[in-house]
Amino acid sequence: MNAIEPIQLKKVSVPFLKDVKKIELINNLAFKANELRYQAYKQEQEAINIMNKEVLGL
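Spelled out as structure tokens, the structure:
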């Protein structure tokens with residue numbers, strides 16, 4: 009399959025939550041996950057800088 013056709017998308021059901029508390033929980037978890045990924049990225053960049061300066065002398 010090279011492309012998805014509109015007729016195929018019509019058959020896909022998308023769940024919709026009516027429970028506001030669950031929606032908020034999911035949103036909060038997604039936000040926290042993004043924040044943790046960003047923190048990991050910053051720490052990775054710091055580790056790369058340390059490696060470059062102290063180990064490789066760049």
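If you want my numbering, it's the position in the sequence shown, counting the first as 1, plus 8. Glycine included, C-beta positions come from ideal geometry on N, C-alpha and C. Owing to the predicted nature of the structure, the values given are computational and were not obtained by experimental measurement.
Compute the distance between the beta-carbons of residue i and residue j, then report whether it is under 9 Å.
i	j	result
Ile34	Leu44	no
Once DSSP output is grouped into helix, strand and coil, what is the label at residue i?
i	result
Asn36	helix
Ile12	coil
Lys1	For the chain, the structure presents residues 9 to 66; residue 1 sits outside this window and is missing.
Please report the distance separating the alpha-carbon of residue i from that of residue j.
i	j	result
Tyr1	Glu32	Summary: the structure shown does not reach residue 1, with the chain confined to residues 9 through 66, and so no result is reported for it.
Ala41	Ala48	10 Å
Pro23	Met59	47 Å
Val20	Val28	23 Å
Pro14	Gln53	42 Å
Gly65	Asn57	10 Å
Leu17	Ala11	11 Å
Ala38	Lys30	12 Å
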